[in-house]
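For reference, the structure is listed below as structure tokens.
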Amino acid sequence: MPIRQVLTDQHKPVKIFTDDIDAAAAQQLRNVAALPFVHHHVAAMPDVHWGLGATIGSVIPTVGAIVPAAVGVDIGCGMNALRLSLTADQLPDNLAELRAQIERDVPVGFAGHPDGRWCEDGLKRVATGLTRIQAKYPVIDARWQSQLGSLGGGNHFIELCLDESGRVWIMLHSGSRGIGNRIGQFFIEQARREMERLDIRLPDRDLAYFTEGSELFDDYVEAVGWAQHYALENRRQMVRLILGALRHQVALGRLPDFSVTDEAIECHHNYVAHEHHFGRDVLLTRKGAIRARKGDLGIIPGSMGARSYIVRGLGEPESFCSCAHGAGRRMSRGEAKRRFSRADLAAQTAGVECRKDKGVIDEIPAAYKDIDSVMANQTDLVEVVHTLKQIVTVKG
Numbered sequence: 085m086p087i088r089q090v091l092t093d094q095h096k097p098v099k100i101f102t103d104d105i106d107a108a109a110a111q112q113l114r115n116v117a118a119l120p121f122v123h124h125h126v127a128a129m130p131d132v133h134w135g136l137g138a139t140i141g142s143v144i145p146t147v148g149a150i151v152p153a154a155v156g157v158d159i160g161c162g163m164n165a166l167r168l169s170l171t172a173d174q175l176p177d178n179l180a181e182l183r184a185q186i187e188r189d190v191p192v193g194f195a196g197h198p199d200g201r202w203c204e205d206g207l208k209r210v211a212t213g214l215t216r217i218q219a220k221y222p223v224i225d226a227r228w229q230s231q232l233g234s235l236g237g238g239n240h241f242i243e244l245c246l247d248e249s250g251r252v253w254i255m256l257h258s259g260s261r262g263i264g265n266r267i268g269q270f271f272i273e274q275a276r277r278e279m280e281r282l283d284i285r286l287p288d289r290d291l292a293y294f295t296e297g298s299e300l301f302d303d304y305v306e307a308v309g310w311a312q313h314y315a316l317e318n319r320r321q322m323v324r325l326i327l328g329a330l331r332h333q334v335a336l337g338r339l340p341d342f343s344v345t346d347e348a349i350e351c352h353h354n355y356v357a358h359e360h361h362f363g364r365d366v367l368l369t370r371k372g373a374i375r376a377r378k379g380d381l382g383i384i385p386g387s388m389g390a391r392s393y394i395v396r397g398l399g400e401p402e403s404f405c406s407c408a409h410g411a412g413r414r415m416s417r418g419e420a421k422r423r424f425s426r427a428d429l430a431a432q433t434a435g436v437e438c439r440k441d442k443g444v445i446d447e448i449p450a451a452y453k454d455i456d457s458v459m460a461n462q463t464d465l466v467e468v469v470h471t472l473k474q475i476v477t478v479k480g
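Reading the sequence shown from the start, the letters are residues 85 to 480 in our numbering.
Written out as structure tokens, the structure is:
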């Protein structure tokens, strides 16, 4: 069995797919599993670590209620990957200009596109659905038009990778940008106020929830659905921009012409979905976990200096057909900045064309768990299809 630990001293058990979990994350899992509307059990993936309210790397089935902080503020965060016809020997020896071109074409950090209407087709696909929520809650506002097709910061990234056969892949990680954050923060606060109004005491105020049938429940589910759709469109538009950046290099004679193969994968890992598990229709929240039904293709990235994996799900029921979404943090961003230097970052990202300045020290590989250990703990959840190694990384 892939389950390494089971916590049983609360309303529902917690089934953990790793031995590498600290006390704070374990207590968060107990707190979630103590909620009366949790169905059957809570699952913790091999990359599990402490988060806001609910543990990152947790899978939470609920009936009749939803916890906004369990979904989080980076709603719909996920990954895209696609393979190109290019091979390693066709790339230039110096990849700095390739990285610079991507950074010119894809806004990173807090930036968006100067023209908020830069992408009419994408904007039309996501415009429907937000109007009613914003009219009802005007505080939910952000530069979502100009941020469509932008990366953000933190652990979001764009990478060019090589697989085990030397074939080139585009891989990226991002979410719903500022508007998803606003939606998450607003409804988390509304849930806290609802608990105060109903005088409901919780082990953690960030486990505040909405009950099915309430106005806030319906509005939140609608807003989350929109943000997940926006996040998916955001990643698709970035893929379009990255391909354009590469084709610009073709036009300059720095790359040969290329095509996109039929290997392309899209997956969320911070989201909620209606699914059926252990005899019940549930709202399944995956907070830092991807769906891994039998045959599902998924993406599990390592850190800036480690391998990443394209995987196929095995449909393990005990994980609610889920698996890890990445390596998982081993230490906080603040601790990483205190413990490591620019020299450490340069050493740990040797051979990768990427930023090596103090602004990304908190993303140093040593701040993350070992991806190979994470993968070893989920051999019953997924099988490896491709092993990727990054050669270019873009971060905000």
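We put the CB at the ideal spot given by N, CA and C, even for glycine.
From a predicted model like this one, the values you see are computed outputs, not experimental measurements.
Within-8 angstroms CB hit, H358 to chain D: In the displayed structure, chain D is absent; only one protein chain is listed.
Distance check for E204 and S230, CA to CA, integer angstroms please. For the purposes of this step, residue 230 is identified with residue 146 of the sequence shown, where counting begins at 1. For the purposes of this step, residue 204 is identified with residue 120 of the sequence shown, where counting begins at 1. Going by the C-alpha atoms only, they are around 11 angstroms apart.
Does the beta-carbon of F194 have 16 or more other beta-carbons within 10 angstroms, so that it is buried, or is it exposed? In the sequence shown, the residue the question calls residue 194 occupies position 110. By the neighbour-count rule (16 or more Cβ atoms within 10 Å), F194 is not buried but exposed.
Under the DSSP definition of a beta bridge, which residues are partnered with I394? Within the sequence shown, numbered from 1, the residue matching residue 394 stands at position 310. Secondary-structure assignment with DSSP links I394 through a beta bridge to I383 and H470.
Excluding sequence positions up to five away, which residues of its chain have a Cβ less than 6 angstroms from the Cβ of W310? Counting from 1 along the sequence shown, the entry for residue 310 is found at position 226. Correct list, in chain order: G213 and L214.
So if DSSP puts V98 in a beta bridge, which residue, or which two residues, is it bridged to? Taking the first residue of the sequence shown as position 1, residue 98 is located at position 14. Partner(s): L91 and V126.
Euclidean distance between Cα positions of D283 and A420: Position 199 of the sequence shown holds residue 283. Position 336 of the sequence shown holds residue 420. Going from the Cα of D283 to the Cα of A420 covers about 39 angstroms.
Reduced DSSP category for W202 - H, G, I as helix; E, B as strand; rest coil: The residue given as residue 202 occupies position 118 in the sequence shown. Three-state DSSP puts W202 in coil, outside helix and strand.
If you follow the alpha helix (DSSP H) that I159 is part of, which residue opens it and which one closes it? Within the sequence shown, numbered from 1, the residue matching residue 159 stands at position 75. Careful: I159 lies outside any alpha helix (DSSP H) and carries neither H nor E.
Rounded to whole angstroms, what's the CA-CA distance from R364 to T171? Just pull it up for me. As a working note, residue 364 is residue 280 in the sequence shown. As a working note, residue 171 is residue 87 in the sequence shown. So the alpha carbons of these two residues sit roughly 47 angstroms apart.
Give the DSSP-derived three-state secondary structure of W228 in the structure shown. As a first step, residue 228 is located in the sequence shown; it is residue number 144 there, counting from the start. Of the three classes helix, strand and coil, the one that applies to W228 here is helix, per DSSP.
Looking at C-alpha atoms only, which residue of L119, T433, R370 and A329 is the closest neighbour of L182? For the purposes of this step, residue 182 is taken as residue 98 along the sequence shown, with counting starting at 1. Checked all of L119, T433, R370 and A329; the closest Cα to L182 is A329.
Inter-stretch contact (C-beta, 8 angstroms, three-pair minimum) for the stretch 348–357 and the stretch 161–170: yes
Are the beta-carbon atoms of A226 and G259 separated by less than 8 angstroms? In the sequence shown, the residue the question calls residue 226 occupies position 142. In the sequence shown, the residue the question calls residue 259 occupies position 175. Not closer than 8 angstroms, so no.
If contacts are defined as beta-carbon pairs under 8 angstroms, then R439 and K479 qualify, I think. What distance do you get, rounded to the angstrom? As a working mapping, residue 439 is identified with position 355 in the sequence shown. As a working mapping, residue 479 is identified with position 395 in the sequence shown. With 8 angstroms as the limit, R439 and K479 qualify as a contact, their Cβ atoms being about 6 angstroms apart.
Enumerate in chain order the residues of its own chain whose CB-to-CB distance from W202 is below 6 angstroms, with the five nearest sequence positions on each side excluded. Looking up residue 202 in the sequence shown gives position 118. Nothing listed; no residue qualifies.
Local conformation of V458 per DSSP, three classes: As a working mapping, residue 458 is identified with position 374 in the sequence shown. Of the three classes helix, strand and coil, the one that applies to V458 here is helix, per DSSP.
Near the ligand ZN: G213 beta-carbon under 7 angstroms from a heavy atom: Of the ligands one can find in the structure shown there are none, so the ligand ZN has no counterpart to examine.
Given M322, which residues of its chain have a CB within under 6 angstroms of its CB, disregarding the five upstream and five downstream residues? Your numbering for residue 322 matches position 238 in the sequence shown. Excluding positions up to five away in sequence, the list reads V190, G233 and L256.
Please classify N178 as buried or exposed, where buried requires at least 16 other C-beta atoms within 10 Å of its C-beta. Translated into the one-based positions of the sequence shown, residue 178 becomes position 94. N178 is exposed by the Cβ-count criterion.
I'd like the span of the beta strand (DSSP E) that includes V436, first residue to last. The count along the sequence shown starts at 1 and reaches residue 436 at position 352. No beta strand (DSSP E) contains V436, which DSSP labels as neither H nor E.
Counting only runs that start and end within the stretch 297–357, where is the beta strand (DSSP E) found for 3 or more residues in a row? The qualifying runs are 344–352.
Could you check which residue in I394, A180 and S403 has the C-alpha nearest to that of L166? In the sequence shown, residue 166 corresponds to position 82, counting from 1. When each option's Cα is compared against that of L166, the closest is I394.
Candidates R281, I374 and P385, of which the one nearest G397 by Cα: In the sequence shown, residue 397 corresponds to position 313, counting from 1. If you compare the alpha carbons of R281, I374 and P385 with that of G397, the shortest gap goes to I374.
Helix, strand or coil at S403 according to DSSP, with G and I counted as helix: As a position in the sequence shown, residue 403 is number 319, starting the count at 1. Reduced to three states, the DSSP call for S403 is helix.
Could you say if the stretch 143–150 and the stretch 332–348 meet the contact criterion of at least three C-beta pairs nearer than 8 angstroms? no
Is the separation between the beta-carbon of V366 and that of H123 shorter than 8 angstroms? Residue mapping note: residue 366 aligns to position 282 of the sequence shown, counting from 1. Residue mapping note: residue 123 aligns to position 39 of the sequence shown, counting from 1. Cβ atoms of V366 and H123: closer than 8 angstroms.
Local conformation of P152 per DSSP, three classes: As a working mapping, residue 152 is identified with position 68 in the sequence shown. Correct three-state label for P152: helix.
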